[in-house]
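Below is one structure, written out as structure tokens, with a few remarks after it.
Protein chains: 2
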Amino acid sequence: MSLFVQKFGGTSVASISHIENVARRIIATREAGHDVVVVVSAMGHETDRLVDLSNEIGTLTPPMFREMDVLLSTGEQVSIALVAMMLTKMGCPARSFTGGQVRITTDSSHTKARIEHIDESNLRGDIEAGIVPVVAGFQGVDAAGNITTLGRGGSDTTAVALAAVLKADECQIYTDVEGVFTTDPRVVADARCLTSITFEEMLELASLGSKVLHTRAVEFASKYRVPLRVLSSFRDAPGTLITNEEDSAVEQPIISGIAFTRDEAKLTVRGVKDVPGIASKIVGPISDSNIEVDMIVQNVAADKSTDFTFTVQRSDYDQAMSILKKVAQDIDARDVTGDNKIAKLSIVGVGMRSHAGVASKMFRILSEESINIQMISTSEIKISVVIDEKYLELAARALHSAFDLAPETVKA
Amino acid sequence: MSLFVQKFGGTSVASISHIENVARRIIATREAGHDVVVVVSAMGHETDRLVDLSNEIGTLTPPMFREMDVLLSTGEQVSIALVAMMLTKMGCPARSFTGGQVRITTDSSHTKARIEHIDESNLRGDIEAGIVPVVAGFQGVDAAGNITTLGRGGSDTTAVALAAVLKADECQIYTDVEGVFTTDPRVVADARCLTSITFEEMLELASLGSKVLHTRAVEFASKYRVPLRVLSSFRDAPGTLITNEEDSAVEQPIISGIAFTRDEAKLTVRGVKDVPGIASKIVGPISDSNIEVDMIVQNVAADKSTDFTFTVQRSDYDQAMSILKKVAQDIDARDVTGDNKIAKLSIVGVGMRSHAGVASKMFRILSEESINIQMISTSEIKISVVIDEKYLELAARALHSAFDLAPETVKA
Numbered sequence: 000m001s002l003f004v005q006k007f008g009g010t011s012v013a014s015i016s017h018i019e020n021v022a023r024r025i026i027a028t029r030e031a032g033h034d035v036v037v038v039v040s041a042m043g044h045e046t047d048r049l050v051d052l053s054n055e056i057g058t059l060t061p062p063m064f065r066e067m068d069v070l071l072s073t074g075e076q077v078s079i080a081l082v083a084m085m086l087t088k089m090g091c092p093a094r095s096f097t098g099g100q101v102r103i104t105t106d107s108s109h110t111k112a113r114i115e116h117i118d119e120s121n122l123r124g125d126i127e128a129g130i131v132p133v134v135a136g137f138q139g140v141d142a143a144g145n146i147t148t149l150g151r152g153g154s155d156t157t158a159v160a161l162a163a164v165l166k167a168d169e170c171q172i173y174t175d176v177e178g179v180f181t182t183d184p185r186v187v188a189d190a191r192c193l194t195s196i197t198f199e200e201m202l203e204l205a206s207l208g209s210k211v212l213h214t215r216a217v218e219f220a221s222k223y224r225v226p227l228r229v230l231s232s233f234r235d236a237p238g239t240l241i242t243n244e245e246d247s248a249v250e251q252p253i254i255s256g257i258a259f260t261r262d263e264a265k266l267t268v269r270g271v272k273d274v275p276g277i278a279s280k281i282v283g284p285i286s287d288s289n290i291e292v293d294m295i296v297q298n299v300a301a302d303k304s305t306d307f308t309f310t311v312q313r314s315d316y317d318q319a320m321s322i323l324k325k326v327a328q329d330i331d332a333r334d335v336t337g338d339n340k341i342a343k344l345s346i347v348g349v350g351m352r353s354h355a356g357v358a359s360k361m362f363r364i365l366s367e368e369s370i371n372i373q374m375i376s377t378s379e380i381k382i383s384v385v386i387d388e389k390y391l392e393l394a395a396r397a398l399h400s401a402f403d404l405a406p407e408t409v410k411a
Numbered sequence: 000m001s002l003f004v005q006k007f008g009g010t011s012v013a014s015i016s017h018i019e020n021v022a023r024r025i026i027a028t029r030e031a032g033h034d035v036v037v038v039v040s041a042m043g044h045e046t047d048r049l050v051d052l053s054n055e056i057g058t059l060t061p062p063m064f065r066e067m068d069v070l071l072s073t074g075e076q077v078s079i080a081l082v083a084m085m086l087t088k089m090g091c092p093a094r095s096f097t098g099g100q101v102r103i104t105t106d107s108s109h110t111k112a113r114i115e116h117i118d119e120s121n122l123r124g125d126i127e128a129g130i131v132p133v134v135a136g137f138q139g140v141d142a143a144g145n146i147t148t149l150g151r152g153g154s155d156t157t158a159v160a161l162a163a164v165l166k167a168d169e170c171q172i173y174t175d176v177e178g179v180f181t182t183d184p185r186v187v188a189d190a191r192c193l194t195s196i197t198f199e200e201m202l203e204l205a206s207l208g209s210k211v212l213h214t215r216a217v218e219f220a221s222k223y224r225v226p227l228r229v230l231s232s233f234r235d236a237p238g239t240l241i242t243n244e245e246d247s248a249v250e251q252p253i254i255s256g257i258a259f260t261r262d263e264a265k266l267t268v269r270g271v272k273d274v275p276g277i278a279s280k281i282v283g284p285i286s287d288s289n290i291e292v293d294m295i296v297q298n299v300a301a302d303k304s305t306d307f308t309f310t311v312q313r314s315d316y317d318q319a320m321s322i323l324k325k326v327a328q329d330i331d332a333r334d335v336t337g338d339n340k341i342a343k344l345s346i347v348g349v350g351m352r353s354h355a356g357v358a359s360k361m362f363r364i365l366s367e368e369s370i371n372i373q374m375i376s377t378s379e380i381k382i383s384v385v386i387d388e389k390y391l392e393l394a395a396r397a398l399h400s401a402f403d404l405a406p407e408t409v410k411a
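Those protein sequences? They're chains C and P, same order as listed. Using numbering that gives the first Met the number 0, the first residue of the first sequence is number 0, and each one after it goes up by one. Using numbering that gives the first Met the number 0, the first residue of the second sequence is number 0, and each one after it goes up by one.
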């Protein structure tokens, strides 16, 4: 007998008939002899509806953050009530829990709180009594009893944290996709659902635009060694298991997946004097405006001046450009150029550690397709390149094929 | 400086612009130098939306009642967040409280819980710090921390209970009508908004179909001597003050109001043997089917048999009739007749206590209009009659005029 934490996202509980489907899955797991703790998100577009209401009041200022959490947390509360009612109606004893009722204690950072402690006693009592606890994701309470929410991807984080505290055998994230794919199936027709992947790889893929799982939940699962499975709530398929590298019995492929995002723009300050502190003078004002800087590349030129290039989200491009023009004057740089028609593409795989020449193979394949690489950035298990947006699909397909990601034989 | 509990119903917070209007009223009260504690209901049709969701799951059974409360309580939680956000945006410090956060402790009767205790310390702290507490009506928690709801009229009850605990100077119930009227203005054109009325009168009017205030809240206010004011959230008018009889300085009029309801049906068992226990043999099976019996009249005839008549809600008529036909056979009664085209009309006033002849005046006026009285029932401050539904408007207008309810001079 195993204990599973099963988390169902917004699309999985979007209507009463969806909720009936969710209840059937939970009951099937129980009938297979396992215990289940359920975590649910708000129904479909409920969070959007609530955010729209608050937008009608006006721009959210920090004194309003506390109330925003009171507002948003109702979305998950509706879901837990309906799921518990449906389970009860279908003959499965169930009880709903708000974050406060479990006692999921967080810090007081409203709208982006961090979990500090989870009291497992209430849930444990219900599990032992044969009752399925249905827990509201995304929410907690601070030490003073104020309602808090965990920010984006919060329900996944709740599920992983409960699985860690309850020492569950697996945390199963039910979603509207079949699992983690080698790359986006809409771009590469023979993209394949991975049987397993390591936390490290998943983290690189998640932060690079694969929207299956939120980075924070994966980090949490990795830290507490919670086996995490992503699977479809609409199809019967095993999905993708995310575990530690050493837990994986089979030999790792060189690369596991290809991630990409079109939501990029690059800016270059040219003719910057190559003196200490110049990087922070350029990036500082950008960060101060709450614009996130992603890749940064600096080349040293022969004449003691350098070009400084970085990427931002495309939506921040115009603002970043106007800030940078001022900065360029202040630091006496030659000029500022930019391009908001770029894309970032990354290959990810723990196999890179033991295989040399992965980067050069990637560059050769892109070169064979006459695709110019504008920027390069690497980590231990990832190589990212910035290319012209119009070549993105071509590059993804060429790499997917060259690194043998398609055939079913790649992974056990 | 006074302390007011101000309660705003669903129509008063139906949209963000309505909520802005509510915030303006609260701020105006504060600027007049008073402290305010706010109680709000769910927005407009929000409760209906939530009930519809639960109806999609199926018929509510007792094991689902706990979850129904988790579901319904989100309605008020959305309202408190939005009202507190709006107040904050308009420069008035405010903080929302769920029932659980105040610590409004109830028994565990889900969907119809009774308040057992209110912890005033959190609210008192905010009031003293110049912060407006915005409390969710209709909800509490039981001793184990389960969310409960108070049933129909629950938000009014919350407001009155808070006013009692905080020893507020007045509990103000803002609604979509101007106050308590002498009778229904849609039926009697010169119906008038009362300046004041006693709790007793209000109780009789509330239970007789004037839907301004729920009986339970009035009983609660009467018991704890909380001055209660009903007023419009859309117009600037003093509304109606409901107080104890002895607190009212002016002389009471003989009658204060005329209430009526068309939602009635009567059933008669004829030729019943006049032996002890026969009434319970007739009414028992009706009550056992959860049908509420209202007026009961029994006449003793010369031949030791009697006719037994009672009224029920019109929607229960068919079911009551079929039950009664079986009962009539069992107790060997002659037959059963019925009429579901009747109406009940009542005149209410504490002045009846000191004025004889009110009943005979009422009967004479109806007789002058050739209206036949089918049943009569009286209490210390009320006389109710059952008449043919088609004469209801005529009767109401005739009595309203005959008892001088229209002119402004009736009440100070």
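The beta-carbon is built from N, C-alpha and C at its ideal position, and this holds for glycine as well. Note that the coordinates shown come from a computational prediction; the quantities given were computed from them, not determined experimentally.
- When Cβ-Cβ separations below 8 Å define contact, G57 of chain P makes contact with chain C.
- The beta carbon of V77 of chain C sits closer than 8 Å to some beta carbon of chain P.
- Neighbours of A41 of chain P in chain C, taken as residues whose beta carbon is under 9 Å from its own, are absent, since the nearest beta carbon is some 10 Å off.
- For M63 of chain P, the enclosing alpha helix (DSSP H) covers residues 61-88.
- Identification of chain P residues near I130 of chain C by a Cβ-Cβ cut-off of 8 Å yields none; the smallest Cβ-Cβ distance measures about 11 Å.
- Rounded to whole angstroms, the Cβ separation of D306 of chain C and K340 of chain C is 19 Å, and the two are not in contact under 8 Å.
- For the 8 Å CB-CB criterion, K343 of chain P and V385 of chain P form a contact.
- For T260 of chain P, no CB of chain C lies under 8 Å from its own CB, so it is not counted at the interface with that chain.
- In terms of Cβ geometry, G238 of chain P and T182 of chain P do not form a close pair [threshold 8 Å].
- At least 8 Å separates the beta-carbon of V39 of chain C from that of A163 of chain C.
- P:T46 is the residue among P:T97, P:S108, P:K166, P:T46 whose C-alpha sits nearest the C-alpha of G9 of chain P.
- In the DSSP assignment, N339 of chain P falls within the beta strand (DSSP E) that extends over 334-347.
- For the 8 Å CB-CB criterion, I56 of chain C and M85 of chain P form a contact.
- The closest CA to that of G178 of chain P, considering only P:D168, P:R191, P:E169, is found on P:R191.
- Taking 8 Å as the cut-off, the Cβ atoms of V131 of chain P and A93 of chain P count as close.
- For Q100 of chain C, a Cβ of chain P is located within less than 8 Å of the residue's own Cβ.
- In the structure shown, K389 of chain C adopts helical secondary structure according to DSSP, grouped into three states.
- DSSP, read as helix, strand or coil, puts Y316 of chain P in helix.
- Near chain C, meaning a CB-to-CB distance below 7 Å, the residues of the segment 78-99 of chain P are I79, A80, L81, A83, M84, M85, T87, K88, S95.
- Contacts with chain P at 8 Å (Cβ-Cβ) include T73 of chain C.
- E75 of chain P places its beta carbon less than 8 Å from that of A41 of chain P.
- Beta bridge pairing from DSSP links P132 of chain P with P:R94.
- A straight-line Cα-Cα distance of about 20 Å links G124 of chain P and V140 of chain C.
- Of the other Cβ atoms in all chains shown, fewer than 16 fall within 10 Å of the Cβ of K325 of chain C; this residue is therefore exposed.
- In the three-state reduction of the DSSP assignment, I241 of chain P falls in the strand class, which pools E and B.
- Contact between A258 of chain C and V347 of chain C holds: CB atoms are separated by about 6 Å, below the 8 Å threshold.
- Boundaries of the alpha helix (DSSP H) around D47 of chain P: 45-56.
- Within chain C, no C-beta atom comes less than 8 Å from the C-beta of M351 of chain P; the nearest is roughly 48 Å away.
- Classified as exposed, M0 of chain C has fewer than 16 neighbouring CB atoms from the shown chains inside 10 Å of its CB.
- When 8 Å is used as the limit between beta carbons, I15 of chain P is near these residues of chain C: L52, E55, I56, in chain order.
- Among the bridge pairs identified by DSSP, M374 of chain P is matched with P:V385.
- Straight across, the Cα-Cα distance linking A158 of chain C with D293 of chain C is about 29 Å.
- For L70 of chain P, the nearest beta carbon of chain C is closer than 8 Å to its own beta carbon.
- Residue state for V21 of chain C is assigned as helix, using DSSP reduced to three classes.
- In this chain, F233 of chain C is not harboured by any beta strand (DSSP E), its DSSP state being neither H nor E.
- With contacts defined by Cβ atoms closer than 8 Å, I79 of chain P and V133 of chain P form a contacting pair.
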